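Enquirer:
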Amino acid sequence: MSLLKPFLQFIANRHLFSRKDRLLLAVSGGMDSVCLLHLCKMAGFDFAVAHVNFLLRGEESNKDEKLVSDLALKYEVDFFLHREDAEKYAAVHHVSVQVAAREIRYQFFNKLIIEKNVTKYILTAHHADDNAETLMMNFLKGTGIEGLKGIPALNGLIRRPLLSFTRDQIADYVAKNNLYFREDASNLTDKYTRNFIRLAVFPVLEKVFPSVKSNLSHNVNRFEEISYLYFAEVNRFFKKHLSEERGEWKISVEALKRSGAASTLLFEWLKNAGFSAAQCVEAERLIYSESGKMITAGAYRLLHNRKHLVLSNLTPVNQEWVVINDGEVRVEFTGGIINIQNLDKGDLPSDEMTALLDGANIQFPLLLRRWRAGDYMYPLGMNKKKKIARMLIDKRCSMNEKENVWVIESNKKIIWLIGHRIDNRFKITANTKKFIRIRLSSKK
Numbered sequence: 005m006s007l008l009k010p011f012l013q014f015i016a017n018r019h020l021f022s023r024k025d026r027l028l029l030a031v032s033g034g035m036d037s038v039c040l041l042h043l044c045k046m047a048g049f050d051f052a053v054a055h056v057n058f059l060l061r062g063e064e065s066n067k068d069e070k071l072v073s074d075l076a077l078k079y080e081v082d083f084f085l086h087r088e089d090a091e092k093y094a095a096v097h098h099v100s101v102q103v104a105a106r107e108i109r110y111q112f113f114n115k116l117i118i119e120k121n122v123t124k125y126i127l128t129a130h131h132a133d134d135n136a137e138t139l140m141m142n143f144l145k146g147t148g149i150e151g152l153k154g155i156p157a158l159n160g161l162i163r164r165p166l167l168s169f170t171r172d173q174i175a176d177y178v179a180k181n182n183l184y185f186r187e188d189a190s191n192l193t194d195k196y197t198r199n200f201i202r203l204a205v206f207p208v209l210e211k212v213f214p215s216v217k218s219n220l221s222h223n224v225n226r227f228e229e230i231s232y233l234y235f236a237e238v239n240r241f242f243k244k245h246l247s248e249e250r251g252e253w254k255i256s257v258e259a260l261k262r263s264g265a266a267s268t269l270l271f272e273w274l275k276n277a278g279f280s281a282a283q284c285v286e287a288e289r290l291i292y293s294e295s296g297k298m299i300t301a302g303a304y305r306l307l308h309n310r311k312h313l314v315l316s317n318l319t320p321v322n323q324e325w326v327v328i329n330d331g332e333v334r335v336e337f338t339g340g341i342i343n344i345q346n347l348d349k350g351d352l353p354s355d356e357m358t359a360l361l362d363g364a365n366i367q368f369p370l371l372l373r374r375w376r377a378g379d380y381m382y383p384l385g386m387n388k389k390k391k392i393a394r395m396l397i398d399k400r401c402s403m404n405e406k407e408n409v410w411v412i413e414s415n416k417k418i419i420w421l422i423g424h425r426i427d428n429r430f431k432i433t434a435n436t437k438k439f440i441r442i443r444l445s446s447k448k
């Protein structure tokens with residue numbers, strides 16, 4: 005069977021690349037990549053060959069390397085080689101050997117692109133059977149509709165022009181063109197998940213559904229179109245009901261309830277924050293819980309705060325207080341940057357991020373710290389003291405906002421609840437002669 009014509013048609017239909025583009029072929033020496041190499045040569049494309057020896061199979065790995073090197077020489081194209089111990093990399097980085105091999109491979113490709121500028125696109129030899137296996141694995145893992153799209157033909161600089169061909173079609177092409185390739189013995193063991201799907205699961209399914217691989221491949225195309233419509237609607241919902249304020253993301257509880265698809269919307273929102281599918285189920289329960297309930301995942305916390313679910317970073321604990329000495333004009337801390345100015349006169353601030361105080365009543369050093377239970381002050385305009393905890397409740401601050409509130413105190417008296425109120429005892433008056441302006445700004 006000749007694959008050249010449908011090969012070129014697939015590239016054109018998917019707009020993978022043009023004849024003027026310089027290509028880099030990832031060639032392992034296996035049947036699929038040898039087929040890809042031959043097709044690109046027959047098509048007359050401008051390409052180079054890259055091979056990674058992961059040093060996993062001793063002399064067998066070296067024979068793979070030799071084969072690919074010989075093919076590059078035969079086809080008169082540039083050859084780029086990288087050798088790295090994948091098992092050692094996996095141990096150092098605490099990942100599986102499969103993940104290690106993938107990271108090593110793409111780090112090498114990126115180096116060729118950035119440092120040597122040898123290519124515009126990288127071609128890999130993934131085919132339709134790979135796509136069916138990926139779809140099956142993603143479905144079983146519960147990756148959502150994004151995973152059901154399978155392997156994309158275009159992904160950044162990666163191009164996969166064999167995705168329309170089955171493994172059997174590729175084997176037939178390789179046999180009829182007398183192409184020599186090397187079989188990786190690890191492909192014949194089911195200790196890896198993908199191999200298990202291919203060697204153990206599909207043969208059983210094919211006894212009942214002979215066209216299972218073909219059906220899954222066709223479903224990939226359908227899911228791609230469904231995904232387009234799906235994410236358009238998801239993004240429309242987020243644009244209307246999801247907002248960001250002071251480093252927190254919040255979404256309307258009532259809108260989630262009305263949507264009829266709360267679990268799906270929460271999954272798409274929270275998956276990038278490290279929430280697993282199971283934790284997204286917990287997140288859905290938060291919708292119907294009382295205000296104040298929360299769950300955590302990794303570095304994030306999801307809180308039910310009155311009418312919203314609020315997503316925020318867990319509070320950093322590496323900085324609790326900072327001493328500000330007389331003469332300091334800029335102090336950087338966890339919550340941002342404090343700027344201090346001494347003025348002969350000053351206008352009343354127009355925002356809560358600025359405090360204008362009577363300098364005559366302020367004693368240095370100042371202490372910049374997080375507020376604590378039991379803290380109190382005399383809020384501007386009041387002659388009675390009030391606990392900060394009550395002030396924050398009255399302002400309807402979320403739990404995350406409360407944990408990120410800081411105060412500045414002078415001689416054990418709070419002069420400013422930063423971002424909220426100054427203390428009445430330090431306000432400017434008609435008799436004020438020395439003004440101190442303190443402003444909070446965010447880190448750039």
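Using this note's numbering, the first residue of the sequence shown is number 5, and each one after it goes up by one.
Idealized CB from N, CA, C, for every residue including glycine.
Remember, predicted model here, so these are calculated numbers, not experimental data.
1. Is the beta carbon of residue 77 less than 8 Å from the beta carbon of residue 51?
2. So what's residue 213 in DSSP terms, helix, strand or just coil?
3. Could you give the distance in angstroms between the alpha-carbon of residue 15 and the alpha-carbon of residue 274?
4. Threshold first: 4 residues or longer. Then list the alpha helix (DSSP H) segments lying entirely within the segment 65-130, N to C.
5. Pull the bridge partners of residue 381 from the DSSP assignment, please.
6. Which residue's Cα is closest to the Cα of residue 113: 356, 83, 182, 133?
7. What beta strand (DSSP E) runs, 3 residues minimum, are completely inside the segment 291-350?
8. Determine the closest residue to residue 302 out of 278, 312, 408, with distance taken between C-alpha atoms.
9. Quick one, are the C-beta atoms of residue 404 and residue 369 less than 8 Å apart?
10. Whose C-beta lies closer than 7 Å to the C-beta of residue 320 among residues of the same chain, with five residues either side of it excluded?
11. Inspect the CB distances between the segment 389-400 and the segment 334-348 and report whether three or more fall short of 8 Å.
12. I think residue 31 touches residue 41, with their Cβ atoms under 8 Å apart; what is that distance to the nearest whole Å?
13. Assuming residue 230 and residue 245 make a contact with CB atoms under 8 Å, what is their CB distance in whole Å?
14. Measuring straight from C-alpha to C-alpha, what distance separates residue 357 and residue 163?
15. Under DSSP, the alpha helix (DSSP H) around residue 15 begins and ends at which residues?
16. In angstroms, rounded to a whole number, what distance separates the CA positions of residue 260 and residue 269?
17. Which partner residues of residue 55 appear in the DSSP bridge assignment?
18. Kindly confirm or deny that the segment 213-224 and the segment 133-140 touch, where touching means at least three C-beta pairs closer than 8 Å.
19. On a Cα-Cα basis, can you pick out the residue from 86, 353, 174, 340 that is closest to residue 410?
20. Would you identify the three-state DSSP class for residue 430, choosing helix, strand or coil?
21. Using DSSP's beta-bridge definition, name the partner residues of residue 439.
22. Going by Cα to Cα distance, which pick from 103, 282, 336 is closest to residue 325?
23. Taking only the alpha-carbon atoms, compute the straight-line gap between residue 434 and residue 296 and give it to the nearest angstrom.
24. Residues in its own chain within less than 6 Å of residue 281 by CB, not counting five upstream and five downstream?
25. Nearest to residue 252 by CA position, among 378, 309, 376, is which residue?
Expert: Reading from the atomic positions:
1. Result no, Cβ atoms of residue 77 and residue 51 do not sit closer than 8 Å.
2. Three-state DSSP puts residue 213 in coil, outside helix and strand.
3. 35 Å
4. 90-97, 101-115
5. 390
6. Selected option, being the one with the closest Cα: 83.
7. The segment 291-350 is shown to contain whole beta strand (DSSP E) runs of 3 or more residues at 298-301, 304-309, 312-317, 325-328, 334-337, 340-347, in chain order.
8. 278
9. Going by beta carbons, residue 404 and residue 369 fall outside the 8 Å limit.
10. Bear in mind that a pLDDT of 49 at residue 320, under 50, signals an unreliable position, so the number given afterwards is only what the model happens to contain. 338.
11. no
12. 5 Å
13. Not really, about 22 Å apart at Cβ, beyond 8 Å.
14. 50 Å
15. 8-17
16. 8 Å
17. 85
18. In this structure the segment 213-224 touches the segment 133-140; the number of beta carbon pairs closer than 8 Å is three or more.
19. 340
20. Three-state result, residue 430: helix.
21. 347, 362
22. 336
23. Approximately 45 Å, taken between the alpha carbons.
24. 146
25. 309
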